[in-house]
Amino acid sequence: MNRILIRLGAAVLGLSLLTACAQEPAAAPAPQRAGTASYPRTVQVPGEPAQQVTIPAQPKRIAALSADAAEAALELAGAGRLIAVPASAANASLSSHAKEMATVATKLPPGTDPDPEQIISLNPDLILITTRHGGERDAQATLAQAGIPMIAIGNNWGTLEEVKQNLTMLGTALGAEAKAGELIAELDRRAAGVAEKLGDPTSRPSVAILSNQAGRPFINAADVLTSDLVKRAGGDLVAERIGLRATAPVTAEQLIAAKPDAILLIDVTGKGQASFASVMSNPAVAELAAVRDGRVKLMPARISYGTGSVHIADGLEEIARWLHPEAMR
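For the sequence shown, the residue numbers in mature numbering (1 follows the signal peptide of the UniProt record, and there is no 0) are -22 to -1, 1 to 307.
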């Protein structure tokens, strides 16, 4: 009898264990690593015309042919995924990440005329170009024939909104959506802070924007990023007032005729204020109100040009403090 009871108890216990196991939920699948789960993916590239580019796998060997694209890619993905950048990207006046850029294996020759054969020989899995640079636009057709995924950015990086569009798009392409969101949120927060402090300025100084990217002073048109920052910082653009359609070399006579209230010198090359001497040392320029009143400011391109990425917020705040010091306290 005891043997029967023992066998019956064992059977009941076994059945209970089987039932309990059957009721346990299935183990959750192992989470996939962020940024790598949803490839291939198609990204929408802003520009005229807009493009759709399919990225087969998360890019690990990125060739960025322009400094603006290189800076954004480094902010989003780090230097370890870049295999080629322009030599200018390691210039501390142009890049906020010059030291990291210096570690990238291949530095493309100065200028905006990349050699397609050199790029292809590097075996990249993604190429980034900016079509406002004529040489990159010319290389685009040859590079496209190689079958390597390529993003051709055509919106000029010319406004804060365009920078945000490009960060969003590149974040999607590189599997760095969260990082892109963080950068955009910071840009929005700091731009809103400037707008709140300035309100509706009672005066808007007219600003002439000069740069030194080609070995001589240029006057910047209204379609460059610095112009957007000046307007957001409570200034007006001399370029708009005189009808300047394209960035071009400037003479002392042009600057004198423009009569700016303030002059912003953008240092692209790292050569400082001396590189503007051919214009700024002219005696008649020295008599301009902007010069007499000390309203001349030198600013590095790394916080005021399309290469600035999130650091253009630094430039916006600095320009606003320069033009409207009382409001920005």
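Glycine included, every Cβ here is placed at the ideal spot set by N, Cα and C.
Checklist entry - Looking at the structure shown, is residue 147 part of a helix, part of a strand, or coil, going by DSSP? => result What you label residue 147 is simply residue 169 of the sequence shown in a count that begins at 1. Residue state, collapsed to three classes: helix.
Checklist entry - Do the segment 171 to 188 and the segment 59 to 78 make contact, defined as three or more Cβ pairs closer than 8 angstroms? => result no
Next on the checklist: Whole angstroms are fine: how far does the CA of residue 201 sit from the CA of residue 209?
Outcome noted: Residue 209 sits at position 231 when you count from the first residue of the sequence shown. Residue 201 sits at position 223 when you count from the first residue of the sequence shown. So the two alpha carbons sit approximately 12 angstroms from each other.
Checklist entry - Out of curiosity, what's the CA-to-CA distance linking residue 77 and residue 149? => result Here residue 77 refers to the residue found at position 99 when the sequence shown is read from its first residue. Here residue 149 refers to the residue found at position 171 when the sequence shown is read from its first residue. Cα to Cα, the separation comes out at about 22 angstroms.
Next on the checklist: With H, G and I counted as helix, E and B as strand and the rest as coil, what does DSSP make of residue 285?
Outcome noted: As a first step, residue 285 must be located in the sequence shown, where it is residue number 307. Three-state result, residue 285: helix.
Checklist entry - Considering residue 63, what are the terminal residues of the beta strand (DSSP E) in which it resides? => result One-based indexing of the sequence shown puts residue 63 at position 85. Start and end: 60 to 64.
Next on the checklist: At the level of alpha carbons, what is the spacing between residue 169 and residue 298?
Outcome noted: Looking up residue 169 in the sequence shown gives position 191. Looking up residue 298 in the sequence shown gives position 320. So the alpha carbons of these two residues sit roughly 10 angstroms apart.
Checklist entry - Between the C-alpha atoms of residue 197 and residue 245, what's the straight-line distance to the nearest angstrom? => result Looking up residue 197 in the sequence shown gives position 219. Looking up residue 245 in the sequence shown gives position 267. Their Cα atoms are separated by approximately 12 angstroms.
Checklist entry - Where does residue 295 land, buried or exposed, given buried means 16+ other C-beta within 10 angstroms? => result Here residue 295 is taken as the residue at index 317 of the sequence shown, counted from 1. Residue 295 should be labelled buried.
Checklist entry - Anyone know if the C-beta pair for residue 133 and residue 143 falls short of 9 angstroms? => result Taking the sequence shown and counting its residues from 1, one reaches residue 133 at position 155. Taking the sequence shown and counting its residues from 1, one reaches residue 143 at position 165. Closer than 9 angstroms, so yes.
Checklist entry - Counting Cβ pairs, one atom from each stretch, are 3 or more of them under 8 angstroms apart for the segment 121 to 141 and the segment 18 to 26? => result yes
Checklist entry - Can the beta-carbon of residue 64 be found less than 9 angstroms from the beta-carbon of residue 152? => result The residue you call residue 64 lines up with position 86 of the sequence shown. The residue you call residue 152 lines up with position 174 of the sequence shown. No; because the gap between Cβ atoms is not below 9 angstroms, this pair is not in contact.
Next on the checklist: Rounding to the nearest angstrom, what Cα-Cα distance links residue 274 and residue 175 in this structure?
Outcome noted: Counting from 1 along the sequence shown, the entry for residue 274 is found at position 296. Counting from 1 along the sequence shown, the entry for residue 175 is found at position 197. About 23 angstroms.
Checklist entry - If you draw a straight line from the C-alpha of residue 215 to the C-alpha of residue 135, how long is it? => result Against the sequence shown, residue 215 aligns to sequence position 237. Against the sequence shown, residue 135 aligns to sequence position 157. The alpha-carbon atoms of residue 215 and residue 135 are separated by roughly 18 angstroms.
Checklist entry - What distance in whole Å lies between the Cβ atoms of residue 242 and residue 285, which are believed to be in contact at a cut-off of 8 angstroms? => result Along the sequence shown, one-based indexing puts residue 285 at 307. Along the sequence shown, one-based indexing puts residue 242 at 264. With a Cβ gap of about 16 angstroms, residue 285 and residue 242 do not count as contacting.
Next on the checklist: Quick check: the Cα distance between residue 110 and residue 260, rounded to an integer number of angstroms?
Outcome noted: As a working note, residue 110 is residue 132 in the sequence shown. As a working note, residue 260 is residue 282 in the sequence shown. Rounded to the nearest angstrom, the two C-alpha atoms are 33 angstroms apart.
Next on the checklist: Threshold first: 3 residues or longer. Then list the beta strand (DSSP E) segments lying entirely within the segment 54 to 142, N to C.
Outcome noted: 60 to 64, 84 to 86, 104 to 108 and 128 to 131
Checklist entry - Identify the residues that DSSP records as bridge partners of residue 254: which are they? => result Numbered from its first residue, the sequence shown carries residue 254 at position 276. Paired residues: none, contrary to the question.
Checklist entry - Can you tell me whether DSSP reads residue 201 as helix, strand or coil? => result In the sequence shown, residue 201 corresponds to position 223, counting from 1. In the structure shown, residue 201 sits in coil (DSSP, three-state: anything other than H, G, I, E or B).
Next on the checklist: Given a cut-off of 9 angstroms on the beta-carbon distance, is the pair residue 230 and residue 262 in contact?
Outcome noted: Along the sequence shown, one-based indexing puts residue 230 at 252. Along the sequence shown, one-based indexing puts residue 262 at 284. Taking 9 angstroms as the Cβ cut-off, residue 230 and residue 262 qualify as a contacting pair.
Next on the checklist: Taking only three categories from DSSP, how would you classify residue -1?
Outcome noted: Within the sequence shown, numbered from 1, the residue matching residue -1 stands at position 22. With a pLDDT of 40 at residue -1, under the threshold of 50, the modelled position of this residue cannot be trusted; read the value that follows with caution. Here residue -1 sits in helix by DSSP.
Checklist entry - residue 39 and residue 102 look like a contact to me (Cβ under 8 angstroms); what is the Cβ gap, rounded to whole Å? => result One-based indexing of the sequence shown puts residue 39 at position 61. One-based indexing of the sequence shown puts residue 102 at position 124. The pair is a contact, with the Cβ atoms about 5 angstroms apart (cut-off 8 angstroms).
Checklist entry - Taking buried to mean at least 16 other C-beta atoms within 10 Å of its own C-beta, is residue 49 buried or exposed? => result Translated into positions along the sequence shown, residue 49 becomes position 71. Answer is buried; the Cβ neighbour count reaches 16.
Checklist entry - When you compare each of 62, 81, 281 and 293 to residue 87 by their alpha carbons, which one comes out closest? => result In the sequence shown, counting from the first residue as 1, residue 87 sits at position 109. Of the candidates 62, 81, 281 and 293, the one whose C-alpha sits nearest the C-alpha of residue 87 is 62.
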